[in-house]
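**Q** Got a structure for you, written out below as structure tokens; questions coming shortly.
2 protein chains.
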Amino acid sequence: MSARRGLWQLAQRAFASHAGRPGEAVPAISNAHRLAPGSSVIQVPQRLLMGPGPANADPRILAAQSLPLLGHMHPPFLKIMDEISEGLRYTLQTDSKYTLMVSGTGHAGMEAAIANLLEPGEKIIGIWGTRVADLAARYGGDVIELKADAGRSFSLEELTTALETHKPALLFLCQGESSTGVHQSLAGLGDVCKRTGTLLLVDTVCSLGGVPFFFDKWGVDCMYSGSQKCLSAPPGGAPFALSERALEKLKGRKTKPATFNLDMNLIGDYWGWFNSRSYHHTGMVSMCYALREALSIVQEEGLDNMWSRHLEMHEMLWHGLKKLGLEPFVERDADRQDPTPARTPLTRAGAGVTFCSRAPGAGVDWAAVVKNAMDKYYLEIAGGLGPTAGKVWRIGLMGYNARPQNVELVIDAFRDGLQKQGKL
Amino acid sequence: MSARRGLWQLAQRAFASHAGRPGEAVPAISNAHRLAPGSSVIQVPQRLLMGPGPANADPRILAAQSLPLLGHMHPPFLKIMDEISEGLRYTLQTDSKYTLMVSGTGHAGMEAAIANLLEPGEKIIGIWGTRVADLAARYGGDVIELKADAGRSFSLEELTTALETHKPALLFLCQGESSTGVHQSLAGLGDVCKRTGTLLLVDTVCSLGGVPFFFDKWGVDCMYSGSQKCLSAPPGGAPFALSERALEKLKGRKTKPATFNLDMNLIGDYWGWFNSRSYHHTGMVSMCYALREALSIVQEEGLDNMWSRHLEMHEMLWHGLKKLGLEPFVERDADRQDPTPARTPLTRAGAGVTFCSRAPGAGVDWAAVVKNAMDKYYLEIAGGLGPTAGKVWRIGLMGYNARPQNVELVIDAFRDGLQKQGKL
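Line by line, the protein sequences give chains A and B. Sequence positions in the first sequence follow my numbering and run 1 to 424. Sequence positions in the second sequence follow my numbering and run 1001 to 1424.
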């Protein structure tokens, strides 16, 4: 340490040229914000993350993140990027050449989709509340919001009417809605969108890997997702895909996207869409290892097994909570009185996140149940968000976490939490 | 596997409701893009990354990335975010409350800075070639480019003249320029910027941790950096800071930034700048562990030792290559004939990346030297970029990699590569 300090004294004279004024001393270093010795050990307590996300990552994926770095343009790294693109083709069920991981979270994926597929002044019909409307308006979009009661999805007929009325450039749907858990059916929409000159954009952040998704067969034009839910990787990478139609739109833009960082012409080129591999940004090397490993796990398990496992765990939770007197927030197919196709419940599907609410008027303190689960079981379950705040619990059964012992623990925590309030 | 397949058959009926048409079968799953069994092991060969970046990450930082996930709003994770903010205060030498890690690479940091501090129609004076000019123009900026010959930086006098002539809203400078390695002096600029109503924005992607930087004392208003160079973490997080003046500008904007994903009002709130911690996006949990650990290492070593170490390794490389007859691309202070202050060489400083070129006309095949280094030593050195393409080698001595044995290996690889061409 003191030898180094001596070097620092000598170095100061050399560094003085940095100050732009020869001979002027480098400022003194302040230790005001330096950690005290011994206080620098990172504290990461073990938690079981059964809320809306992130879920616990598969340990195999965490281990992949500790592999040594490669250069972001090295051939072995480009091979890993190619494996991600190919793994996404299987996971999304598409033959599209245009798949990749956006360097960013699901929100970056959302912004990449809208910023690149919408030109200023064009119409977008969107559903996902104020966020997407805010985002699309910033990019100059003419935003038409479709409003639904919390927990309700749209029927093909409703969406067809909206598409034919407005003929928007972009239709934005969320397959698994994170604040209510409602599942949005996509089948049949692709044809209508083609007729009205609309690109079909789908958010699968909560749902990808947890429920069926068929990019090609459902005529989806753009999909983005997140790494941290049913794919069991840490948050940080956004799976992304475009159809040929969407790529034509991107290539034929009259204006550049306002964002340089998320310009898919440039990012696509880095990922080999156009065979030149030019540098746009430094790829997230560790995050790519993680997503590559996550997609390997999907391919090893197989989509059929993965979707079935999520469904099975969902049913197990549903039955367990039912016994405790809890009701799902989104109606279950088999139980519903209302035959309108507008209600396409998540509860038969297990789209990653599922939701329960006590029957109205029962006076359960939801927050106390959440707190008890964390304090006693180190288990995360969550309250509502936005339209469901104070009305529901949000429980995620996603990816690596969708296993029987975790479902049992969630049910135990609810039983214990309700008993403590004298509600059982 | 077959029990699961049976479940899938049963599940198909349940999933059919997803198709929006009761009774309609879910499409068949295609295995066209599924990996062949046994082919799914990730291949990460060991490389020594001594190019312009990323550098090899410190193994302690890689290990931190394999720690289990926390929720992005859990108190223990918020504590880690606070530790990052505080660690940045030390590393940047600032008392500013407004420090954080942007969820994205250095380019995301660049976009966050410009998108938030520039309103459409405002003037920005920038230096870093076509990229920043392109980016700023997308955000409606009136872009005035300052052009310098490759390898030259600007004097305080030149910048003062430009500031007084244009009175721009934003001055963009790069402390350590990655394609040439030139170091831009910052001292004295803050005062001029205050006088002309300009915010001083500095890119420290290549330089942070490698050379002196004093955010407060040099009057910097906004700084962004990258995680993958002298900080020795993987690429993916962008250290970011604002001064009080910059925050006032952000708060007083007449328009929203076009980007929602990088709106610093919203991101700052998630990081506790305004004491409410509202959800904006899902923080990159593993990447935060990594940067937190990287900043701990900076605090343990101390900035004086860290800067001295980089200088020492730089001098070692400089002397080693000199003996092989190579000349630095950017002039060395002690050697220069030209006394104009416009030339503030990197070579005395060791700002992460350093550059060498053969004396003109020597006819060395630079690419063969690079290829030999990789083939024989698994060592990355790089060629030039943009204005220096074909003219220089780029060698990085950054963070964890800035150690004597690595410098020796680089010199050995040059000796070997040059000998093979009969140039030694």
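Ideal Cβ positions, reconstructed from N, Cα and C, are used throughout, including at glycine.
Find the nearest neighbour of Gly-1053 (chain B) within the set A:His-74, A:Gly-53, A:Val-44, A:Ser-66, judged by alpha-carbon distance.
**A** The residue given as residue 1053 (chain B) occupies position 53 in the second sequence. It is A:His-74 whose Cα lies nearest to the Cα of Gly-1053 (chain B).
**Q** Determine the extent of the beta strand (DSSP E) in which Lys-79 (chain A) is found, giving its start and end residues.
**A** Residue mapping note: residue 79 (chain A) aligns to position 79 of the first sequence, counting from 1. Taken as a continuous stretch (DSSP letters only), Lys-79 (chain A) belongs to no beta strand (DSSP E), being part of the alpha helix (DSSP H) at 75-92.
**Q** I'd like to know whether the C-beta atoms of Tyr-98 (chain A) and Leu-291 (chain A) end up nearer to each other than 8 Å.
**A** Numbered from its first residue, the first sequence carries residue 98 (chain A) at position 98. Numbered from its first residue, the first sequence carries residue 291 (chain A) at position 291. No, these two residues do not count as a Cβ contact at 8 Å.
**Q** Using 8 Å as the limit for Cβ to Cβ distance, is Arg-89 (chain A) near chain B?
**A** Locating residue 89 (chain A) in the first sequence gives position 89, counting from the first residue. So, interface residue.
**Q** What is the DSSP secondary structure of Gly-384 (chain A), counted as helix, strand or coil?
**A** Within the first sequence, residue 384 (chain A) is the residue found at index 384, counting from 1. Here Gly-384 (chain A) sits in coil by DSSP.
**Q** Measuring CB to CB, does Ile-411 (chain A) end up less than 8 Å from Gly-325 (chain A)?
**A** Here residue 411 (chain A) is taken as the residue at index 411 of the first sequence, counted from 1. Here residue 325 (chain A) is taken as the residue at index 325 of the first sequence, counted from 1. Taking 8 Å as the Cβ cut-off, Ile-411 (chain A) and Gly-325 (chain A) do not qualify as a contacting pair.
**Q** For the beta strand (DSSP E) containing Glu-327 (chain A), list its first residue and its last residue.
**A** One-based indexing of the first sequence puts residue 327 (chain A) at position 327. It spans 326-328 - the beta strand (DSSP E) in which Glu-327 (chain A) sits, taken as one unbroken run.
**Q** In whole angstroms, what is the alpha-carbon distance linking Thr-160 (chain A) and Leu-189 (chain A)?
**A** Numbered from its first residue, the first sequence carries residue 160 (chain A) at position 160. Numbered from its first residue, the first sequence carries residue 189 (chain A) at position 189. Thr-160 (chain A) and Leu-189 (chain A): Cα-Cα distance of roughly 8 Å.
**Q** Let me check one thing: in DSSP terms, what residues is Asp-203 (chain A) bridge-paired to?
**A** One-based indexing of the first sequence puts residue 203 (chain A) at position 203. Note: Asp-203 (chain A) sits in a beta bridge opposite A:Cys-174, A:Tyr-224.
**Q** How far does the alpha helix (DSSP H) with Met-1306 (chain B) in it extend, from its first residue to its last?
**A** Within the second sequence, the letter at position 306 stands for residue 1306 (chain B). Counting along the chain, the alpha helix (DSSP H) containing Met-1306 (chain B) begins and ends at 1303-1323.
**Q** Rank B:Leu-1311, B:Lys-1423, B:Arg-1394 by C-alpha distance to the C-alpha of Pro-1404 (chain B) and give the top, closest one.
**A** If you number the second sequence from 1, residue 1404 (chain B) lands on position 404. The option with the nearest alpha carbon to Pro-1404 (chain B) is B:Leu-1311.
**Q** Excluding the 5 residues preceding and the 5 following Leu-69 (chain A) in the sequence, name in chain order all residues of the same chain whose CB lies nearer than 8 Å to its CB.
**A** The sequence position of residue 69 (chain A) within the first sequence is 69, counting from 1. Once the five neighbours on either side are set aside, the close Cβ partners of Leu-69 (chain A) are Val-285, Ser-286.
**Q** Residues of chain D with CB closer than 7 Å to the CB of Leu-324 (chain A), please, in chain order.
**A** In the structure shown, chain D does not exist; the protein chains are A and B.
**Q** So, is Leu-1257 (chain B) buried or exposed, given that buried needs 16 or more other C-beta atoms within 10 angstroms?
**A** Looking up residue 1257 (chain B) in the second sequence gives position 257. According to the sequence shown, residue 1257 (chain B) is Pro rather than Leu. With 16 or more other Cβ atoms within 10 Å, it is buried.
**Q** Note down, in chain order, all residues in the segment 129-160 of chain A with a beta-carbon under 8 Å from any beta-carbon belonging to chain B.
**A** Within the segment 129-160 of chain A, those residues whose Cβ lies closer than 8 Å to any Cβ of chain B are, in chain order, Arg-131, Asp-134, Leu-135, Arg-138, Tyr-139, Ser-155, Leu-156.
**Q** Assuming Gly-176 (chain A) and Thr-91 (chain A) form a contact by the criterion Cβ under 8 Å, report the distance between their Cβ atoms to the nearest whole angstrom.
**A** For the purposes of this step, residue 176 (chain A) is taken as the residue at position 176 of the first sequence. For the purposes of this step, residue 91 (chain A) is taken as the residue at position 91 of the first sequence. Gly-176 (chain A) to Thr-91 (chain A), Cβ: 15 Å. No contact.
**Q** Under 8 Å, with one C-beta from each stretch per pair, do the segment 1362-1370 of chain B and the segment 1024-1040 of chain B reach the 3-pair mark?
**A** Touching, no, given that fewer than three Cβ pairs across the two stretches are closer than 8 Å.
**Q** Rounded to a whole number of angstroms, what is the C-alpha to C-alpha distance between Ser-243 (chain A) and Val-220 (chain A)?
**A** Reading the first sequence from its first residue, position 243 is the one you call residue 243 (chain A). Reading the first sequence from its first residue, position 220 is the one you call residue 220 (chain A). Answer to the nearest angstrom: the Cα atoms are 7 Å apart.
**Q** Can you check the segment 139-176 of chain A for any beta strand (DSSP E) of at least 3 residues that lies completely inside it and give the ranges in chain order?
**A** 142-145, 170-174
**Q** At 7 Å on the CB atoms, spell out the chain B contacts of Leu-70 (chain A), in chain order.
**A** Along the first sequence, one-based indexing puts residue 70 (chain A) at 70. Correct list: Val-1044, Arg-1047.
**Q** Quick one: is Arg-292 (chain A) near chain B, going by C-beta distance under 8 Å?
**A** For the purposes of this step, residue 292 (chain A) is identified with residue 292 of the first sequence, where counting begins at 1. Interface with chain B (8 Å Cβ-Cβ cutoff): Arg-292 (chain A) is included.
**Q** Quick test of your reading: Tyr-378 (chain A) and Leu-48 (chain A), contact by CB under 8 Å. State the CB separation rounded to the nearest angstrom.
**A** Here residue 378 (chain A) corresponds to residue number 378 of the first sequence, with the count starting at 1. Here residue 48 (chain A) corresponds to residue number 48 of the first sequence, with the count starting at 1. Yes, Tyr-378 (chain A) and Leu-48 (chain A) are in contact; Cβ-Cβ is about 6 Å, under 8 Å.
**Q** Can you round the beta-carbon distance between Thr-1105 (chain B) and Ser-232 (chain A) to whole angstroms, since I take them to be within the 8 Å contact cut?
**A** Residue mapping note: residue 1105 (chain B) aligns to position 105 of the second sequence, counting from 1. Residue mapping note: residue 232 (chain A) aligns to position 232 of the first sequence, counting from 1. 23 Å between Cβ atoms; not a contact.
**Q** Would you say Ile-1381 (chain B) and Gly-1126 (chain B) are within 8 Å of each other, going by their C-beta atoms?
**A** As a working mapping, residue 1381 (chain B) is identified with position 381 in the second sequence. As a working mapping, residue 1126 (chain B) is identified with position 126 in the second sequence. No, they are not a contact pair.
**Q** Which two residues bound the contiguous alpha helix (DSSP H) that contains Pro-1052 (chain B)?
**A** In the second sequence, the residue the question calls residue 1052 (chain B) occupies position 52. Unbroken run through Pro-1052 (chain B): none, as it is neither H nor E.
**Q** Quick one: list the residues of chain A neighbouring Gln-1228 (chain B), beta-carbon separation under 7 Å, in chain order.
**A** Taking the first residue of the second sequence as 1, we reach residue 1228 (chain B) at position 228. Under the 7 Å cutoff, chain A gives Thr-282.
**Q** Would you tell me roughly how many angstroms separate the C-alpha atoms of Gly-1252 (chain B) and Trp-393 (chain A), rounded to the nearest one?
**A** For the purposes of this step, residue 1252 (chain B) is identified with residue 252 of the second sequence, where counting begins at 1. For the purposes of this step, residue 393 (chain A) is identified with residue 393 of the first sequence, where counting begins at 1. Taking the straight line joining both Cα atoms gives about 38 Å.
**Q** Does the segment 197-214 of chain A touch the segment 141-150 of chain A, meaning 3 or more C-beta pairs lie closer than 8 Å?
**A** Look at the beta carbons and you see the segment 141-150 of chain A not touching the segment 197-214 of chain A: under three pairs across the two are nearer than 8 Å.
**Q** In whole angstroms, what is the alpha-carbon distance linking Gly-383 (chain A) and Arg-152 (chain A)?
**A** For the purposes of this step, residue 383 (chain A) is identified with residue 383 of the first sequence, where counting begins at 1. For the purposes of this step, residue 152 (chain A) is identified with residue 152 of the first sequence, where counting begins at 1. CA-to-CA, the gap between Gly-383 (chain A) and Arg-152 (chain A) works out to about 19 Å.
**Q** Quick check: is the beta carbon of Ile-29 (chain A) nearer than 8 Å to any beta carbon in chain B?
**A** Sequence index remark: in the first sequence, residue 29 (chain A) carries index 29 (1-based). Answer yes: the Cβ-Cβ gap between Ile-29 (chain A) and chain B drops below 8 Å somewhere.
**Q** Let me check one thing: in DSSP terms, what residues is Gly-417 (chain A) bridge-paired to?
**A** As a working note, residue 417 (chain A) is residue 417 in the first sequence. Per DSSP, none; premise fails for Gly-417 (chain A).
**Q** I believe Tyr-270 (chain A) touches Tyr-279 (chain A) by the beta-carbon criterion, under 8 Å. Please report the beta-carbon distance rounded to the nearest angstrom.
**A** Your numbering for residue 270 (chain A) matches position 270 in the first sequence. Your numbering for residue 279 (chain A) matches position 279 in the first sequence. Right, the Cβ-Cβ distance comes to about 7 Å (below 8 Å), so this counts as a contact.
**Q** Return no unless some Cβ of chain A is closer than 8 Å to the Cβ of Ala-1113 (chain B).
**A** Locating residue 1113 (chain B) in the second sequence gives position 113, counting from the first residue. No - not a single Cβ of chain A is within 8 Å of the one on Ala-1113 (chain B).
**Q** Need the endpoints of the alpha helix (DSSP H) that Leu-242 (chain A) sits in, please.
**A** To locate residue 242 (chain A), count along the first sequence from 1; it is residue 242. No alpha helix (DSSP H) contains Leu-242 (chain A), which is instead part of the beta strand (DSSP E) from 237-242.
**Q** Given that a residue counts as buried once 16 or more other Cβ atoms are within 10 Å of its Cβ, and exposed if not, what is Thr-130 (chain A)?
**A** Residue numbering aside, residue 130 (chain A) sits at position 130 when the first sequence is read from its first letter. By the neighbour-count rule (16 or more Cβ atoms within 10 Å), Thr-130 (chain A) is not buried but exposed.
**Q** With distances taken between CB atoms, is the gap from Met-306 (chain A) to Leu-397 (chain A) smaller than 8 Å?
**A** Mapped onto the first sequence, residue 306 (chain A) falls at position 306. Mapped onto the first sequence, residue 397 (chain A) falls at position 397. No; because the gap between Cβ atoms is not below 8 Å, this pair is not in contact.
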